[in-house]
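Enquirer: Would you mind keeping the following structure in view while I ask a few things?
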Amino acid sequence: MSTSWRDKQPPNLINFIATFLAGNSYRLSFCSLSPDFIFNNGGLSVAFLFETCWDTEKEADVFSRVNTLKRQFKHFYVVVTVPTSEQNEAFNHAYFKYGMELGCPTFVPVHDPEIGFEKIVKIAHARGVCKQQNIVSAMKNEREQAVQCLDAFVQVITSIPGIDSHDANTVCARHIFYLAQAIGSIEAISKASKEFILENTDLSRDKAERIVRFFRDPQYYLSPKIN
Numbered sequence: 016m017s018t019s020w021r022d023k024q025p026p027n028l029i030n031f032i033a034t035f036l037a038g039n040s041y042r043l044s045f046c047s048l049s050p051d052f053i054f055n056n057g058g059l060s061v062a063f064l065f066e067t068c069w070d071t072e073k074e075a076d077v078f079s080r081v082n083t084l085k086r087q088f089k090h091f092y093v094v095v096t097v098p099t100s101e102q103n104e105a106f107n108h109a110y111f112k113y114g115m116e117l118g119c120p121t122f123v124p125v126h127d128p129e130i131g132f133e134k135i136v137k138i139a140h141a142r143g144v145c146k147q148q149n150i151v152s153a154m155k156n157e158r159e160q161a162v163q164c165l166d167a168f169v170q171v172i173t174s175i176p177g178i179d180s181h182d183a184n185t186v187c188a189r190h191i192f193y194l195a196q197a198i199g200s201i202e203a204i205s206k207a208s209k210e211f212i213l214e215n216t217d218l219s220r221d222k223a224e225r226i227v228r229f230f231r232d233p234q235y236y237l238s239p240k241i242n
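Written as structure tokens, this is what we have:
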């Protein structure tokens, strides 16, 4: 654990981390680190940046660190605590604002710091197991396929008149961060109602209606489009 990160956290969180690590047979050491955490698991080092509460005033510094650390560490993850819907929306906006590439690095949004740290330990453990079982290449192939699916999704949505790439990224944001639990695939968006799109994205009512009509109204999607 980074000493500078530790000094910024409340004592109860540090106590939780120490107890959780001891209960899972990990030894906690405090060092001067550029990331917030480094785990050595199964002969593999995994680095983490851990933001325990998303602050829009510090987002530029956070993404600057992300860009630096992803060049330094082959296995690097960012865990971000976004306890409110407002913070989640602010984080999603910043993710695209600073031009993050899907999976480079992987961002993991969580509701509270304790869950966030549990995710960190699970990721580090999983990476170690993957190395031991030599299945990392399979994971890379799956990630490449996921990126291709998202690219196809954006291309389909931006083919709708009046819908730009920002709108498409807004629609698929939940897919990126929550593994398609809501809107995020072409099949899902084609079946979504206007009300569901409005509830789960920041799109306007007019754009939500355009998307619904595109997938359900033959006279709309087969007619000539002049922009």
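Under my numbering, think of the first position of the sequence shown as 16, with each following residue one higher. Note that beta-carbon positions come from the ideal geometry of N, C-alpha and C, so glycine has one too. Please read all numbers here as calculations on a predicted model, not as lab measurements.
When you compare only the Cα positions, how much space is there between Ala-183 and Ala-109?
Expert: 16 Å
Enquirer: What does a CB cutoff of less than 8 Å around Ile-175 pick up in its chain, not counting 5 residues either side in sequence?
Expert: Arg-225, Ile-226, Phe-229
Enquirer: Please classify Thr-96: does DSSP put it in a helix, a strand, or coil?
Expert: strand
Enquirer: Quick check on DSSP: helix, strand or coil for Leu-59?
Expert: Note: Leu-59 maps to strand in three-state DSSP.
Enquirer: Excluding sequence positions up to five away, which residues of its chain have a Cβ less than 6 Å from the Cβ of Leu-28?
Expert: Correct list, in chain order: Pro-128.
Enquirer: Quick one: what's got a C-beta closer than 6 Å to Leu-48's C-beta in the same chain, skipping five residues either side?
Expert: Ser-17
Enquirer: In three-state DSSP terms, what is Pro-12?
Expert: Within the shown structure, residues of the chain are numbered from 16 to 242, placing residue 12 beyond reach of any answer.
Enquirer: Using CA atoms only, rank isn't needed, just tell me which of Ala-33, Lys-222, Lys-85, Val-95 is closest to Cys-119.
Expert: Lys-85
Enquirer: Using the C-alpha atoms, what's the distance from Phe-111 back to Val-301?
Expert: Because the chain in this structure spans residues 16 to 242, residue 301 falls outside the shown range and cannot be described.
Enquirer: In whole angstroms, what is the alpha-carbon distance linking Lys-134 and Phe-35?
Expert: 12 Å
Enquirer: For Leu-213, which three-state DSSP category applies?
Expert: In this structure, Leu-213 counts as helix in the three-state DSSP scheme.
Enquirer: Mind checking which residues open and close the alpha helix (DSSP H) that includes Asn-82?
Expert: Membership of Asn-82 in the alpha helix (DSSP H) is indicated by the continuous run 74-87.
Enquirer: Rounded to whole angstroms, what's the CA-CA distance from Val-95 to Lys-23? Just pull it up for me.
Expert: 15 Å
Enquirer: Check whether the Cβ atoms of Ala-223 and Lys-206 sit closer than 8 Å, and answer yes or no.
Expert: no
Enquirer: Is the distance from the Cβ of Phe-54 to the Cβ of Phe-65 below 8 Å?
Expert: It is not a contact, given that the beta carbons lie outside the stated cut-off.
Enquirer: So, are the CB atoms of Phe-106 and Val-97 less than 8 Å apart?
Expert: yes
Enquirer: Taking all protein chains shown into account, decide if Phe-45 is buried (16 or more other Cβ within 10 angstroms of its Cβ) or exposed.
Expert: That one is exposed.
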